[in-house]
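Engineer:
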Amino acid sequence: MSRWFIIGFLAICGAGGNALAGDSMHKIRSTDIIRVEAASNKRDTYVTLRVHNSVPLKYWVNCDYYDHSSQIIASTNHVLLERVPTWRVKAKANNIYFALCYVPGGN
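Reading the sequence shown from the start, the letters are residues -21 to -1, 1 to 86 in mature numbering (1 follows the signal peptide of the UniProt record, and there is no 0).
In structure tokens, the structure reads:
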């Protein structure tokens, strides 16, 4: 099953277009993975994401990275300064299947 089918399925079923939890600022959103590149140490990966517009700039953002079994294999916490950031992730490149990002905190 392709990554794009899973992302499309999540979008239709609510993970991409609707909130999984929280108010309007604290929604969990599917995030488009633009590029995945192994770091020189081969254990880490540089991941370029397109973060949904509902996640405000200049806020802390948590992103969870999932494998093919929908298990979280890595998480990052950064200040979102641009819509298409590249972040270093502590996971092997071929294990990253999809990502969900959100602003921590909430209700």
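Beta carbons are placed, not taken as given, at the ideal position from N, Cα and C, and that holds for glycine.
1. On the DSSP bridge list, what partners appear for V26?
2. Mapping the DSSP letters down to three states, classify N56 as helix, strand or coil.
3. Determine, using beta carbons only, whether G84 comes closer than 9 angstroms to chain D.
4. Which residue from Q50, S49, D46 and K69 puts its Cα closest to that of N56?
5. Between the Cα of T65 and those of A17, R8 and I7, spot the shortest distance and give me the residue it belongs to.
Structural biologist: Taking the geometry as given:
1. Along the sequence shown, one-based indexing puts residue 26 at 47. Answer is V15 and W66, bridged to V26.
2. Residue mapping note: residue 56 aligns to position 77 of the sequence shown, counting from 1. Of the three classes helix, strand and coil, the one that applies to N56 here is strand, per DSSP.
3. The structure shown contains no chain D; it is built from a single protein chain.
4. Mapped onto the sequence shown, residue 56 falls at position 77. That would be K69, whose Cα lies nearest to the Cα of N56.
5. Taking the first residue of the sequence shown as 1, we reach residue 65 at position 86. Answer by Cα proximity: A17.
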